[in-house]
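Chemist: Protein chains in written order, with my numbering: chain A, 1 to 242; chain B, 243 to 484; chain C, 485 to 726; chain D, 727 to 968.
Here a beta-carbon is modelled for each residue, glycine too, at the ideal position from N, C-alpha and C.
Here the structure is a predicted model, which is why all the values come from computation and not from measurement.
Number of protein chains: 4
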Amino acid sequence: MAKLRVLVWNEFRHEKKNPKVKKVYPKGMHDVIAKALNKDKGIKATLAALDDFEHGLTEEVLKNTDVLIWWAHGAHKEVKDEIVDRVQKYVLQGMGLIVLHSGHFSKIFRKMMGTSCILTWREAGEKERLWVTQPGHPIAEGLPEYFELKHEEMYGEFFDVPHPEALVFTSWFKGGEVFRSGLCYTRGKGKIFYFRPGHETHPTYYDKNIQQVLKNAVKWAAPVKNSAKIPEGVSVKPIEKI
Amino acid sequence: MAKLRVLVWNEFRHEKKNPKVKKVYPKGMHDVIAKALNKDKGIKATLAALDDFEHGLTEEVLKNTDVLIWWAHGAHKEVKDEIVDRVQKYVLQGMGLIVLHSGHFSKIFRKMMGTSCILTWREAGEKERLWVTQPGHPIAEGLPEYFELKHEEMYGEFFDVPHPEALVFTSWFKGGEVFRSGLCYTRGKGKIFYFRPGHETHPTYYDKNIQQVLKNAVKWAAPVKNSAKIPEGVSVKPIEKI
Amino acid sequence: MAKLRVLVWNEFRHEKKNPKVKKVYPKGMHDVIAKALNKDKGIKATLAALDDFEHGLTEEVLKNTDVLIWWAHGAHKEVKDEIVDRVQKYVLQGMGLIVLHSGHFSKIFRKMMGTSCILTWREAGEKERLWVTQPGHPIAEGLPEYFELKHEEMYGEFFDVPHPEALVFTSWFKGGEVFRSGLCYTRGKGKIFYFRPGHETHPTYYDKNIQQVLKNAVKWAAPVKNSAKIPEGVSVKPIEKI
Amino acid sequence: MAKLRVLVWNEFRHEKKNPKVKKVYPKGMHDVIAKALNKDKGIKATLAALDDFEHGLTEEVLKNTDVLIWWAHGAHKEVKDEIVDRVQKYVLQGMGLIVLHSGHFSKIFRKMMGTSCILTWREAGEKERLWVTQPGHPIAEGLPEYFELKHEEMYGEFFDVPHPEALVFTSWFKGGEVFRSGLCYTRGKGKIFYFRPGHETHPTYYDKNIQQVLKNAVKWAAPVKNSAKIPEGVSVKPIEKI
Numbered sequence: 001m002a003k004l005r006v007l008v009w010n011e012f013r014h015e016k017k018n019p020k021v022k023k024v025y026p027k028g029m030h031d032v033i034a035k036a037l038n039k040d041k042g043i044k045a046t047l048a049a050l051d052d053f054e055h056g057l058t059e060e061v062l063k064n065t066d067v068l069i070w071w072a073h074g075a076h077k078e079v080k081d082e083i084v085d086r087v088q089k090y091v092l093q094g095m096g097l098i099v100l101h102s103g104h105f106s107k108i109f110r111k112m113m114g115t116s117c118i119l120t121w122r123e124a125g126e127k128e129r130l131w132v133t134q135p136g137h138p139i140a141e142g143l144p145e146y147f148e149l150k151h152e153e154m155y156g157e158f159f160d161v162p163h164p165e166a167l168v169f170t171s172w173f174k175g176g177e178v179f180r181s182g183l184c185y186t187r188g189k190g191k192i193f194y195f196r197p198g199h200e201t202h203p204t205y206y207d208k209n210i211q212q213v214l215k216n217a218v219k220w221a222a223p224v225k226n227s228a229k230i231p232e233g234v235s236v237k238p239i240e241k242i
Numbered sequence: 243m244a245k246l247r248v249l250v251w252n253e254f255r256h257e258k259k260n261p262k263v264k265k266v267y268p269k270g271m272h273d274v275i276a277k278a279l280n281k282d283k284g285i286k287a288t289l290a291a292l293d294d295f296e297h298g299l300t301e302e303v304l305k306n307t308d309v310l311i312w313w314a315h316g317a318h319k320e321v322k323d324e325i326v327d328r329v330q331k332y333v334l335q336g337m338g339l340i341v342l343h344s345g346h347f348s349k350i351f352r353k354m355m356g357t358s359c360i361l362t363w364r365e366a367g368e369k370e371r372l373w374v375t376q377p378g379h380p381i382a383e384g385l386p387e388y389f390e391l392k393h394e395e396m397y398g399e400f401f402d403v404p405h406p407e408a409l410v411f412t413s414w415f416k417g418g419e420v421f422r423s424g425l426c427y428t429r430g431k432g433k434i435f436y437f438r439p440g441h442e443t444h445p446t447y448y449d450k451n452i453q454q455v456l457k458n459a460v461k462w463a464a465p466v467k468n469s470a471k472i473p474e475g476v477s478v479k480p481i482e483k484i
Numbered sequence: 485m486a487k488l489r490v491l492v493w494n495e496f497r498h499e500k501k502n503p504k505v506k507k508v509y510p511k512g513m514h515d516v517i518a519k520a521l522n523k524d525k526g527i528k529a530t531l532a533a534l535d536d537f538e539h540g541l542t543e544e545v546l547k548n549t550d551v552l553i554w555w556a557h558g559a560h561k562e563v564k565d566e567i568v569d570r571v572q573k574y575v576l577q578g579m580g581l582i583v584l585h586s587g588h589f590s591k592i593f594r595k596m597m598g599t600s601c602i603l604t605w606r607e608a609g610e611k612e613r614l615w616v617t618q619p620g621h622p623i624a625e626g627l628p629e630y631f632e633l634k635h636e637e638m639y640g641e642f643f644d645v646p647h648p649e650a651l652v653f654t655s656w657f658k659g660g661e662v663f664r665s666g667l668c669y670t671r672g673k674g675k676i677f678y679f680r681p682g683h684e685t686h687p688t689y690y691d692k693n694i695q696q697v698l699k700n701a702v703k704w705a706a707p708v709k710n711s712a713k714i715p716e717g718v719s720v721k722p723i724e725k726i
Numbered sequence: 727m728a729k730l731r732v733l734v735w736n737e738f739r740h741e742k743k744n745p746k747v748k749k750v751y752p753k754g755m756h757d758v759i760a761k762a763l764n765k766d767k768g769i770k771a772t773l774a775a776l777d778d779f780e781h782g783l784t785e786e787v788l789k790n791t792d793v794l795i796w797w798a799h800g801a802h803k804e805v806k807d808e809i810v811d812r813v814q815k816y817v818l819q820g821m822g823l824i825v826l827h828s829g830h831f832s833k834i835f836r837k838m839m840g841t842s843c844i845l846t847w848r849e850a851g852e853k854e855r856l857w858v859t860q861p862g863h864p865i866a867e868g869l870p871e872y873f874e875l876k877h878e879e880m881y882g883e884f885f886d887v888p889h890p891e892a893l894v895f896t897s898w899f900k901g902g903e904v905f906r907s908g909l910c911y912t913r914g915k916g917k918i919f920y921f922r923p924g925h926e927t928h929p930t931y932y933d934k935n936i937q938q939v940l941k942n943a944v945k946w947a948a949p950v951k952n953s954a955k956i957p958e959g960v961s962v963k964p965i966e967k968i
């Protein structure tokens, strides 16, 4: 069976500018994520970044991508609108999209959701506990009842996104908040998964449970083969006599 | 109790240019819809059109609107992007939005859905039969198991919109197609209802069942009072000790 | 407008046997709930209990009930199966059902959900904070971003119920758990709302936010008038020529 | 990789008593379905029937079943309640359940849905056209925009089931009805798919599109491995200090 082609996209600025982040992720968060995914024989993950040509998201690249993973934080505005439109086009045609952490406020996620995607937040490195709230979902494979991250940024409700088709994880924060942390959507023929954790100053993407979630999500978000096409908006003839 | 303030927005071009449409709707489709709604003591419906100042959708007007009804067809591109952004802002804050027929391809509906909103279609004036597929929904109040429109434009699947929170109507067309015709969504604090029928050359908005649906939809889409605000995207302090 | 007829059903055993509970609710929890609801001019709430004739749920009573509220805990098994079937019949025909706290394990709730409705729990009187996770929902009317109960029993995930049509509240517990606390479902023509708080030893039903939720839920769960009937399972003739 | 263990359960009475049915399915519908599934290298399908010992659904058999397919029609009442409870237990623990056609009125499907599962019907051998209404869903893999069955029993709305998590197919019938024909649910850790076609007097299960749907559904409904367990309903200790 052909491998799933995953593109791990990273803004890749914090790792260059902030020594604290560089220490945690010397080659970038995308590099750690891709290496973790590539341990799976069924996955081939490669890298792309904001400062690549066309953000590393050319037609050629997207045509050969099954699932796109998106991490971004400070430079959402620098992503060109025509590239965002292009990514949306591929998602609607079936490419999976996994949006991580601060990617909640990216142009592409807000475009796919139709909402503000605003939330409350706090950088205090407090404890986060993720509860599995849909254990029968493929993204929950191999995970215990809950798992913890010792230090994470807090994200709190209300999170302005549509009611999800599945709520795989719900987070508890020591400071008193809850958050819907693992959310599934279908848009066009594409599947979208939003996953909350992953602040740049914490070693979240080295965590084995987090890596398990990402691997599961990639497999879940893979495109369905040879299914009915999205209509092209042209007039059709009657099938039956009218 | 204060009346629900409904704004019926119409592109209002076909009625001026096409004699066939003018004959059916001499004062515009929005006028017929507003008159039908105004028979209800709890509703006060007014009119707005594309060619009004700021499309009739100024901050002042939207601030005083509970539910916005949207009919458009040929001039989607003429609606200014900043006005679309403004309407979205009010929907997310709680204003109801009812999108009619060819409004499926309006900028505002596509923005709120995050998908292409494409479908197949046929202008053949064939019979449409709308089946109630969620009789316990408030929008189905007072309606029989199914009702018919003798002559309508056909819309067929696949309709590229997200899976709805409720599927109130499903249409049967004589030519062989089906269509998800009455769809409910929540976006931010706003409720959105898409309702399929309403081609400009047919007297659809005079139909008593159609008018009943619109009246029900307005009441369902009314804003909820004094509820929790959408966060403003600022950092928050811990509630508990961390 | 006719008042909504609400029947507040209570097992009504703890209040008689446990002095601690009796002190908090001398006339029963149902009495406190009904009194709170009756402050609303649009509602007329009455009482029923397990030990009434036919559990106070005769055909005559249910025929005249718009919304049934259900609190139960220790005596689920004593509720007769034929009465449970009867309640289900009325819910499917449109009667609203609001299930409170330990009612999660009642025969009627498990029957309507199709799942085990199991959860984890802890009686430690810890702090519960309910976050509004769908502020645009009618059940969130008049409520702040979150509200607290100083002492409550803890319920934790995984809660074995179907993915809800709306998730109005999500709870944070001091001991480290989260819980989906306000859940909406449609079954047949009936609306069902599950609301978590309400342990018998705490004065939860005197809380003004809790009372606001119950009032909102009653209005949301009210039956839709004169809508399409549930089919009777008989063969039908073709509408069109076949 | 280990093969998916599928058990095709059939009432298996019509094929013995009705010569018309026997002619179409001499060894039973389950035999035709299992043979079609067994062409896939990843599936091992076996048979069970109502008249087998414990209906062929012993603890030993269910423990070794990944996905159960259920066809039944005239003898729903003969299925013992304790066996229905047993099947539910396995579904909640993760076993997939695919309910076919008249299985809509089986004890197990009604138990899992919580509704009457009633619909309207007509045995007239008319044309059915199934439209794909969620082309991005795994169950739509390899299927065209629509496909037809020349002769089928008609099922019409309102179909009294909960709003599905995904609506994969919607049927058009020549006689004028529509029907939600491919419905996905999660109950506990188990996935449930209801698929409409399959009247015993028509050769529906020989159809290559129908066989494709069943193969897709089996793969979609397969249990998720090693995920969080359903709680056992016992009290838990606090994770954090309270």
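(1) Between A:F158 and chain B, is any beta-carbon pair separated by less than 8 Å?
(2) Interface residues of chain A around B:L361 at Cβ under 7 Å?
(3) Would you list the one or two residues that DSSP bridges to A:V8?
(4) Can you pull out the residues from the stretch 416-449 of chain B whose beta carbon lies closer than 8 Å to at least one beta carbon of chain A?
(5) Can you give the Cα-Cα distance for A:I192 and A:S102, rounded to whole angstroms?
(6) Select from B:K258, B:D293, B:A470, B:L292 the residue whose C-alpha is nearest the C-alpha of C:E625.
(7) What do you get for C:V718, buried or exposed, if any count of 16 or more other CB atoms within 10 angstroms of its CB means buried?
(8) Smallest Cα separation from D:V758: which of D:W797, D:E786, D:F831, D:C910?
(9) Tell me whether D:I824 sits in a helix, a strand or coil according to DSSP, three-state version.
(10) Which residues of chain D have a Cβ atom closer than 8 Å to the Cβ of C:E610, listed in chain order?
(11) Could you pull out every unbroken alpha helix (DSSP H) segment of at least 4 residues lying fully inside the stretch 567-642 of chain C, listed in chain order?
(12) Going by beta-carbon coordinates alone, are B:L299 and B:A287 separated by less than 8 Å?
(13) Taking only runs of the beta strand (DSSP E) that begin and end inside the stretch 396-428 of chain B, which ones reach a length of at least 3 residues, in chain order?
(14) May I ask you to report which of helix, strand or coil DSSP gives C:Y689?
(15) On the DSSP letters alone, give me the boundaries of the beta strand (DSSP E) that A:K17 sits inside.
(16) When DSSP labels each residue in this structure, what does C:G540 get in the three-state scheme?
(17) Are any of the Cβ atoms in chain C nearer than 8 Å to that of D:M838?
(18) To which residues of the same chain is C:C668 closer than 6 Å at the C-beta, ignoring the five residues directly before and after it?
(19) I'd like the ranges of any alpha helix (DSSP H) spanning at least 4 consecutive residues and lying wholly in the stretch 672-724 of chain C.
(20) Could you tell me which chain D residues have their CB closer than 7 Å to the CB of C:P622, listed as they occur along the chain?
(21) Give a yes or no on whether 8 Å exceeds the smallest Cβ distance from D:L893 to chain C.
(22) On the criterion of 16 or more Cβ atoms from any shown chain inside 10 Å, does D:K837 qualify as buried, or is it exposed?
(23) Applying the criterion that 16 or more other CB atoms from any shown protein chain within 10 Å of the CB defines a buried residue, is D:P745 buried or exposed?
(24) Measure from the C-beta of A:T115 to each C-beta in chain B and report whether the shortest distance is under 8 Å.
(25) Only counting the same chain, and skipping five residues up and downstream in sequence, which positions put a Cβ closer than 8 Å to that of D:K876?
(26) Within a Cβ cutoff of 7 Å, which residues of the same chain sit near B:Q454, ignoring the five residues on either side of it in sequence?
(27) With a cut-off of 8 Å, do at least 3 Cβ pairs link the stretch 117-124 of chain A to the stretch 91-109 of chain A?
(28) Around the C-beta of D:N942, are 16 or more other C-beta atoms found within 10 angstroms, so that it is buried, or is it exposed?
(29) Is the separation between the beta-carbon of D:E878 and that of D:H925 shorter than 8 Å?
(30) Name, please, each residue of chain D whose Cβ falls closer than 9 Å to the Cβ of B:T412.
(31) When burial is assigned at 16 or more other CB atoms within 10 Å of the CB, is C:P510 buried or exposed?
(32) Cβ closer than 7 Å: which chain B residues qualify as neighbours of D:R855?
(33) If you measure between the beta carbons of C:G526 and C:K500, is that distance less than 8 Å?
(34) Select from C:F593, C:G558, C:N710 the residue whose C-alpha is nearest the C-alpha of B:E387.
(35) For C:S586, would you say it is in contact with chain D, using Cβ-to-Cβ distances shorter than 8 Å as the test?
(36) To the nearest whole angstrom, what separates the beta carbons of D:T859 and D:V904, a pair I think is in contact under 8 Å?
Modeler: Working from what's here:
(1) The residue you call residue 158 of chain A lines up with position 158 of the first sequence. Closer than 8 Å to some Cβ of chain B, the Cβ of A:F158 qualifies, so yes.
(2) In the second sequence, counting from the first residue as 1, residue 361 of chain B sits at position 119. Neighbours of B:L361 on chain A, chain order: P231.
(3) Locating residue 8 of chain A in the first sequence gives position 8, where the first residue counts as 1. According to DSSP, A:V8 bridges with A:L47, A:I69.
(4) K416, G417, G418, E419, Y427, T428, R429, G430
(5) Here residue 192 of chain A corresponds to residue number 192 of the first sequence, with the count starting at 1. Here residue 102 of chain A corresponds to residue number 102 of the first sequence, with the count starting at 1. Going by the C-alpha atoms only, they are around 15 Å apart.
(6) On the third sequence, residue 625 of chain C is found 141 positions in, with the first residue counted as 1. For the residues B:K258, B:D293, B:A470, B:L292, the minimum Cα distance to C:E625 belongs to B:A470.
(7) Numbered from its first residue, the third sequence carries residue 718 of chain C at position 234. With fewer than 16 other Cβ atoms within 10 Å, it is exposed.
(8) Taking the first residue of the fourth sequence as position 1, residue 758 of chain D is located at position 32. Nearest option by C-alpha distance: D:W797.
(9) In the fourth sequence, residue 824 of chain D corresponds to position 98, counting from 1. Strand at D:I824.
(10) For the purposes of this step, residue 610 of chain C is taken as residue 126 along the third sequence, with counting starting at 1. The contacting residues are P964, I968.
(11) 591-597
(12) Here residue 299 of chain B refers to the residue found at position 57 when the second sequence is read from its first residue. Here residue 287 of chain B refers to the residue found at position 45 when the second sequence is read from its first residue. Cβ distance not < 8 Å, so B:L299 and B:A287 don't count as in contact.
(13) 408-415
(14) The residue given as residue 689 of chain C occupies position 205 in the third sequence. Correct three-state label for C:Y689: helix.
(15) As a position in the first sequence, residue 17 of chain A is number 17, starting the count at 1. Note, A:K17: premise wrong, no beta strand (DSSP E); alpha helix (DSSP H) at 14-17.
(16) Within the third sequence, the letter at position 56 stands for residue 540 of chain C. In this structure, C:G540 counts as helix in the three-state DSSP scheme.
(17) Taking the fourth sequence and counting its residues from 1, the one referred to as residue 838 of chain D is at position 112. With 8 Å as the cut-off, D:M838 counts as an interface residue toward chain C.
(18) Numbered from its first residue, the third sequence carries residue 668 of chain C at position 184. Cβ neighbours of C:C668 beyond the five flanking positions: P648, E649, A650, F677.
(19) 692-705
(20) Along the third sequence, one-based indexing puts residue 622 of chain C at 138. Those do not exist, as C:P622 stays about 18 Å from chain D at its closest Cβ, beyond 7 Å.
(21) Along the fourth sequence, one-based indexing puts residue 893 of chain D at 167. Chain C, which has no Cβ nearer than 8 Å to the Cβ of D:L893, makes this no.
(22) Numbered from 1 along the fourth sequence, position 111 holds the residue referred to as residue 837 of chain D. Buried: at least 16 other Cβ atoms inside 10 Å.
(23) Along the fourth sequence, one-based indexing puts residue 745 of chain D at 19. When all chains shown are included, D:P745 counts as exposed.
(24) For this step, residue 115 of chain A is matched to residue 115 along the first sequence. Yes, A:T115 counts as interfacial toward chain B.
(25) Position 150 of the fourth sequence, counted from the first residue, corresponds to residue 876 of chain D. Answer for D:K876: K853, listed in chain order.
(26) As a working mapping, residue 454 of chain B is identified with position 212 in the second sequence. Result list for B:Q454: G384, L385, in chain order.
(27) yes
(28) Residue 942 of chain D sits at position 216 when you count from the first residue of the fourth sequence. So D:N942 ends up on the buried side.
(29) By one-based count along the fourth sequence, residue 878 of chain D stands at place 152. By one-based count along the fourth sequence, residue 925 of chain D stands at place 199. Yes, Cβ-Cβ distance for D:E878 and D:H925 is below 8 Å.
(30) Residue numbering aside, residue 412 of chain B sits at position 170 when the second sequence is read from its first letter. Here the neighbours are E883, T896, V904, F905, R906.
(31) Here the question's residue 510 of chain C lines up with position 26 in the third sequence. It counts as exposed.
(32) As a position in the fourth sequence, residue 855 of chain D is number 129, starting the count at 1. Residues of chain B passing the Cβ test: G418.
(33) The residue labelled residue 526 of chain C in the question sits at position 42 within the third sequence. The residue labelled residue 500 of chain C in the question sits at position 16 within the third sequence. The answer is no: Cβ separation not under 8 Å.
(34) The sequence position of residue 387 of chain B within the second sequence is 145, counting from 1. Checked all of C:F593, C:G558, C:N710; the closest Cα to B:E387 is C:N710.
(35) Taking the first residue of the third sequence as position 1, residue 586 of chain C is located at position 102. No, no contact with chain D.
(36) Position 133 of the fourth sequence, counting from 1, holds the residue named residue 859 of chain D. Position 178 of the fourth sequence, counting from 1, holds the residue named residue 904 of chain D. About 11 Å separates the two Cβ atoms, so there is no contact after all.
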